[in-house]
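From first to last, the protein sequence lines stand for chains A and B.
For what it's worth, our numbering labels the leading residue of the first sequence as 409, then goes sequentially.
For what it's worth, our numbering labels the leading residue of the second sequence as 17, then goes sequentially.
Even glycine gets a Cβ: it sits at the ideal position worked out from N, Cα and C.
Please read the structure below before turning to the comments.
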Amino acid sequence: MTRNPLHDVAIVGAYNTRQARVLEGVREVDLVLEAIGGALERSGGLTLDDVDGLNVRGSVSRLHAREAAHLLGGRPRWTGMALGIEGVLEAAAAIATGQCDTVVIADAQAGQYTQRDATSPWTRPGNEFVACWGLYTAAEFALIAKRHMHLYGTRPESLAEVAATIRNHGARNPEAVHYGRHVTPAEVLASRWVAEPFHLLDCAINSEGGAGLVLTRADRARELDTTPVFVLGGAIERQGMAYVTAPVWDRYGHSGRWAAGRAFAQCGLGPDDVDVCELYDPFSFELIRQLEAFGFCGEGEGGDYVLGGRIAIDGELPLVTSGGLLSFSHPGTAQLLQKVIASAQQLRGELPEALTVPDARVVMTSNGGAGALFCDVMLLGREQP
Amino acid sequence: MSERRGIPLPHPTPLSEPHWWGCREGRLRVQRCGACGGYVFIPQPLCTHCTSDALEWVDSTGRGTVYSFTTVHRPQRPEFEVPYTVAIVELDEGFHMLTNLVDCDPETIRIGMEVDVEFRRMSDEITLPMFAPRRAD
């Protein structure tokens, strides 16, 4: 088998700006610049002069990579446009194929309007066959969860265990929006309904903030005074338009299984080799579904799998160690990138000590879920394959 | 959920008009493929089962079962009166629709429950195909 060129790419910088429910008076463009600078500062030697690839955006200002290329001096640079894991794989492919050597990805959201008596405007669908029923993101994911609960007897207590565990990771992360806010599974179950079976504490928070990531050639990474994280594998998986087609379990319940298989195949690893799962956590049930889809447990077994401390920091498979979308932060589209950042920080030993998993070598991360008809997967590791 | 003034109503497109104008007449019109016989919903330019363009509009029975549902307590917009129930209904013909379940206590809804289409007029232009528990008669 020929060598996978993605294996010659490394992440050398990962940084989150301050995250908060609202960043009062902060301009999005300044957050983007801070994210770029912060990620480069942590690269152990790279500066903006070394950056010949950009994928930079702002959710509200609609800042995009070409505009950013101009703002950052206008010299010739590769630009990428994709979000989150897809953007990281796009950049890694550009480096691996010699289109550029060093890419900065940065994304931020600030200044988004929030209407307190309803769901956030960006969670509302626009499609003529969806909007009129009062659907929005939580309800879409709830339709998937309810079907699973019907088919396999998955209990609300399992959903609450996932939400409480992840939120308690965030409670120990000083950079998390919900730092210090510990919750018990009973408190999750006692919180008010959003869309059954989801209570308020089963759902992602809303917040603002920025995020930055630096990727470079693996040989350059070795010359830097930093701990590189290597791309082991990754794949994107799309089945249709998010929030247009009904999220039918039979068709979309295994979303991400194909991508996970492709990612594992790229590095010859399997679920047993994964030390930490920094999976996408928009709603508690989605973690149970992904653990099944990715092969960590059997079909319908996810509800029992997450019980008994298995997914805590000191458990067999620590899950969303940063606090994730449920507690750390959930800004615009930057939150997709923050999954990769949290994975890199875990492997680089940059998370708080209480959240650091000793000897973690391989982290699996994901974006999206069954309710949105897409699920992208990425594997990152301490050693170059 | 009776009034719902101000909720986002569909803006029919050339592709979707046959469905929405059907609803206005009390008919649940969906596409069926002349090549493979598969039902296609929501409206598409090609059959999503076999890519044939031989799609024709037919009337559905409007009979089905609840495939999944969620009772919503936090509204998408303030104009939606809570709680309301969103469901995926599996029609007897085999295709799935997003909809609202009406004329029932949310506590009594079960997956697999038999339901029938129940047209609700929202404006001069738009009638929405909701579903209600099948009446025993």
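For a Cβ distance threshold of 8 Å, nothing in chain B lies close to L781 (chain A): the least Cβ distance comes to about 13 Å. Separation of the CB atoms of Q674 (chain A) and L497 (chain A) is rounded to 11 Å, and the pair is thereby denied contact status at 8 Å.
Q427 (chain A) counts as buried, since at least 16 other C-beta atoms from the protein chains shown sit within 10 angstroms of its C-beta. Per the Cβ contact rule, the region 629 to 649 of chain A is in contact with the region 781 to 792 of chain A (3 or more Cβ pairs under 8 Å). Here T505 (chain A) has P413 as same chain residues with Cβ atoms under 8 Å from its own Cβ, once five neighbours each way along the sequence are excluded. Taking the Cα positions, E791 (chain A) is about 16 Å away from L632 (chain A).
Flagged as an interface residue toward chain B: H558 (chain A), by a C-beta distance shorter than 8 Å. Among the residues facing chain A, Q92 (chain B) is included, as its CB has a counterpart in that chain under 8 Å away. Proximity of F638 (chain A) to chain B, defined by a Cβ-Cβ separation below 8 Å, is not satisfied. For V748 (chain A), no Cβ of chain B is located within less than 8 Å of the residue's own Cβ. Against chain B, the CB of L543 (chain A) has a partner CB under 8 Å away; the residue lies at that interface.
At a cut-off of 3 residues, the continuous stretches assigned as beta strand (DSSP E) that sit fully inside the region 572 to 648 of chain A are 601 to 603, 617 to 625 and 637 to 643. With the criterion set as a beta carbon lying under 7 Å from some beta carbon of chain A, the members of the region 115 to 144 of chain B are T115, N116, I127 and L144, in sequence order.
Taking all protein chains in view, the Cβ of L31 (chain B) is surrounded by fewer than 16 other Cβ atoms within 10 Å, so the residue is classified as exposed.
Put simply, the CB of S84 (chain B) is near chain A, with a gap under 8 Å to one of its CB atoms. When Cβ-Cβ separations below 8 Å define contact, R600 (chain A) makes contact with chain B.
Annotated three-state conformation of G506 (chain A) is coil, per DSSP.
One alpha carbon belongs to V82 (chain B), the other to G22 (chain B), and they sit about 27 Å apart.
V511 (chain A) is positioned such that its CB atom lies closer than 8 Å to that of G488 (chain A). F537 (chain A) has a beta carbon lying within less than 8 Å of a beta carbon in chain B.
Looking only at A:A546, A:A418, A:Y651 and A:Y587, the smallest Cα-Cα distance to D509 (chain A) is reached by A:A418. With contacts defined as CB atoms closer than 8 Å, S730 (chain A) and A762 (chain A) fail to qualify as a contacting pair. Segment contact: the region 59 to 77 of chain B against the region 38 to 51 of chain B, three or more CB-CB distances shorter than 8 Å; contact assigned. Taking each of A:V434, A:G453 and A:V464 in turn and checking the Cα distance to I444 (chain A), the smallest one comes out for A:V464.
Comparing alpha carbon positions, the residue from A:L677, A:T634, A:V639 and A:G703 closest to G664 (chain A) is A:G703. H607 (chain A) has its alpha-carbon roughly 8 Å from the corresponding atom of A598 (chain A).
In this structure, Q47 (chain B) sits away from P28 (chain B), with a CB-CB distance that is not shorter than 8 Å. Fewer than three Cβ pairs drawn from the region 649 to 658 of chain A and the region 438 to 454 of chain A lie within less than 8 Å of each other, which leaves the two stretches out of contact. In the assembly as shown, G641 (chain A) is a buried residue. Its beta-carbon has 16 or more other beta-carbons within 10 Å.
In this structure, A:R756 is the residue among A:T592, A:A501, A:A553 and A:R756 with its C-alpha nearest to the C-alpha of A768 (chain A). Inside the region 417 to 475 of chain A, DSSP marks whole beta strand (DSSP E) runs of 3 or more residues at positions 417 to 424 and 461 to 466, from first to last along the chain. In this structure the region 539 to 550 of chain A lies against the region 86 to 95 of chain B, because at least three pairs of beta carbons, one per stretch, are closer than 8 Å.
The contact set of T653 (chain A) on chain B, defined by CB atoms closer than 8 Å, consists of I58 in chain order. Closer than 8 Å to the CB of R532 (chain A) there is at least one CB belonging to chain B. The Cβ neighbour count for E686 (chain A), taken over all protein chains shown within 10 Å, is at least 16; the residue is labelled buried. Just so you know, the alpha carbons of W486 (chain A) and A629 (chain A) end up roughly 19 Å apart.
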